[in-house]
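Position one of the sequence shown corresponds to residue 8 (our numbering), numbered consecutively onward. Backbone N, C-alpha and C fix where the C-beta goes; we use that ideal spot for every residue, glycine too. Here the structure is a predicted model, which means the values were calculated and not measured.
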Amino acid sequence: MRVLGIETTCDETAAAVVRLRPDGAGEILADEVMSQIAAHAPFGGVVPEIAARAHVEIIDLLIARALGRAGVAAKDLDGVAAAAGPGLIGGVLVGLMAGKGVALACGKPFVAVNHLEAHALTARLTANVAFPYLILLASGGHTQILAVKGVGDYDRLGATMDDAIGEAFDKTAKLLGLPFPGGPAVEAAARDGDPARFALPRPLIGRPNADFSLSGLKTAVRLAAESVAPLRPGDVADLCASFQAAVVDVVEDRIRTGLKLFRRRIGASPQAVVVAGGVAANAALRDALTRFCAEAGLPFVAPPQQLCTDNGAMIAWAGIERLRLGMIDGLDAPGRPRWPLDPKSGRTLNNKA
Ligand code: KG4
Ligand code: ZN
């Protein structure tokens, strides 16, 4: 089975071809990603209208390039998958319509993929993780802890009540005068910093739910920065290190609580603890979770960096997971700015998902 995957929900335009091997493993035949970071950098964040236009300009070329690299003609695909949300709706519609167009032209089944589900299932493409597992999804747009029980079967154990973790990194960077995207810049600055210099809060630590709140931490960084202004490079490094240490402590505590909720709700331990999303690139976070999981006796799985951030291979793989269960969508499948993975949760904590 060979599936084309298309991703345009945020600021990466991506197209990939993934093959399901007879042994059940996934194989990435082509994975084309075009980042729009340079177009958004002057604004310090993603501008929806610029994103949508940039997707339109490049999507057909990227699809052709992915098919070419994979050596697969469109007529030989077994299906076409496109992310249908959640995300910036102008961009979502670009990829969704392109995917429907290819599927219609070639007479192939179409799958409308939930972008969050694609992140959540990536660990099965890269590490063949068995259900059920616990995942922390942490990117610029979403932050949630999920029990992944099966394809299309998720329990949300916790989510952010305000900013996403990546957003907190980006806003912290902006207020300290560091470039966009903020995550890598804050991480680099933190390397030379003293994480103990500023006593920043650890919001919600110890609470019995697995939710997050990052906006107070961001404000605390601003107040700390104002207290030592004008900032010298050493101050910025110490602020970054202190902020990152607070985030790492919060994530570890929320995952510890998430594991308790997981065992209570699912009645079993997870097969693994998985991270995904751009924030999963953070080495301090990965190190802390590697240590935490070793102590908890659980495998820790972090997909390779290029598959943690937005990409087409994860959409193609989610398409494969759904297609092999017979889950096909009509060409009337809508684009969705909001599309929670766990509709039963009844809560809409994170306004981006
Ligand atoms: O998954 P992603 O590429 O795009 C979406 O937001 O969907 O994630 C991007 C986010 C940005 O907020 C970025 O600052 C953050 O991930 N990020 C990081 C690091 N690399 C990227 N955050 C912390 N440390 C990093 N090394
Ligand atoms: Zn994403």
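Hey, out of the options, whose CA is closest to residue i's CA?
i    : options                   : result
A248 : V54, R131 and A291        : A291
V53  : F205, S352 and E174       : E174
K225 : I172, T16, P215 and D201  : I172
L338 : E259, G86 and A301        : G86
G319 : V235, G223, S220 and H126 : H126
V282 : I152, K115 and K156       : I152
P341 : V25, L69 and V101         : V101
M8   : G33, T20, F50 and T15     : G33
G213 : Q251, L95, L332 and G265  : G265
F299 : V155, S352 and V255       : V255
A145 : L332, A323, S352 and C315 : C315
I182 : A197, L132, H62 and L230  : Note that residue 182 corresponds to Leu in the displayed sequence, not to Ile. Comparing Cα-Cα distances from L182 to each of A197, L132, H62 and L230, the minimum goes to L230.
V63  : L348, V25 and T20         : T20
R209 : R198, V228 and D201       : V228
A37  : S276, V79, G304 and A301  : V79
D67  : A23, D199 and W324        : A23
A71  : R329, I327 and L84        : L84
V158 : D170, S352 and G333       : G333
D30  : N135, K267, L330 and P139 : N135
P49  : R263, R131, P188 and A81  : P188
T133 : L69, D336, L348 and M321  : M321
G200 : V243, D160, D162 and R293 : V243
E194 : K267, V99 and L246        : L246
P277 : R293, R28, G304 and L69   : G304
V120 : R272, A81 and V99         : V99
R331 : P116, G285 and V109       : P116
Can you round the beta-carbon distance between residue i and residue j to whole angstroms, since I take them to be within the 8 Å contact cut?
i    : j    : result
V280 : L185 : Rounded, the Cβ-Cβ distance is 30 Å, inconsistent with contact.
A309 : A287 : 5 Å
P344 : G92  : 6 Å
I13  : A137 : No, I13 and A137 are not in contact; Cβ-Cβ is about 28 Å, not under 8 Å.
I57  : H47  : 6 Å
L95  : T16  : 7 Å
A61  : Q43  : 5 Å
L123 : L296 : Between L296 and L123 the Cβ distance is about 20 Å, and since that is not below 8 Å, they are no contact.
V25  : A323 : 4 Å
V10  : I327 : 5 Å
What residues are listed by DSSP as bridge partners for residue i?
i    : result
G117 : The sequence given here places Phe at residue 117; Gly does not occur at that position. Answer is V87 and D336.
I142 : L153 and V281
V10  : V25 and G86
F219 : T167
T20  : M41
D162 : A154
G92  : N121
V286 : According to DSSP, which records beta bridges pairwise, V286 is partnered with nothing at all.
V308 : V281
The alpha helix (DSSP H) with residue i in it runs from where to where?
i    : result
D245 : P240 to I273
R327 : For the sequence presented, residue 327 should be read as Ile rather than Arg. I327 -> alpha helix (DSSP H) spans G319 to L330.
A81  : Careful: A81 lies outside any alpha helix (DSSP H) and carries neither H nor E.
V235 : S222 to V235
I172 : I172 to L182
L36  : Run containing L36: none in the alpha helix (DSSP H); it sits in the beta strand (DSSP E), G33 to S42.
A290 : A290 to A303
T133 : H122 to A134
L348 : Looking at the DSSP string, L348 is not in any alpha helix (DSSP H), and its letter there is neither H nor E.
L314 : Q312 to C315
Hey, could you find the ends of the beta strand (DSSP E) residue i is sitting in?
i    : result
G189 : Segment G189 to A197 is the alpha helix (DSSP H) holding G189; no beta strand (DSSP E) there.
I212 : Unbroken run through I212: none, as it is neither H nor E.
| For the 8 Å Cβ check, are there 3 or more pairs between the stretch 230-245 and the stretch 191-206? | yes
| Counting pairs of Cβ atoms below 8 Å between the stretch 161-169 and the stretch 212-219, do you hit three or more? | yes
| said: Pairs of beta-carbons, one from the stretch 100-110 and one from the stretch 258-269, closer than 8 Å: are there three or more? | reply: no
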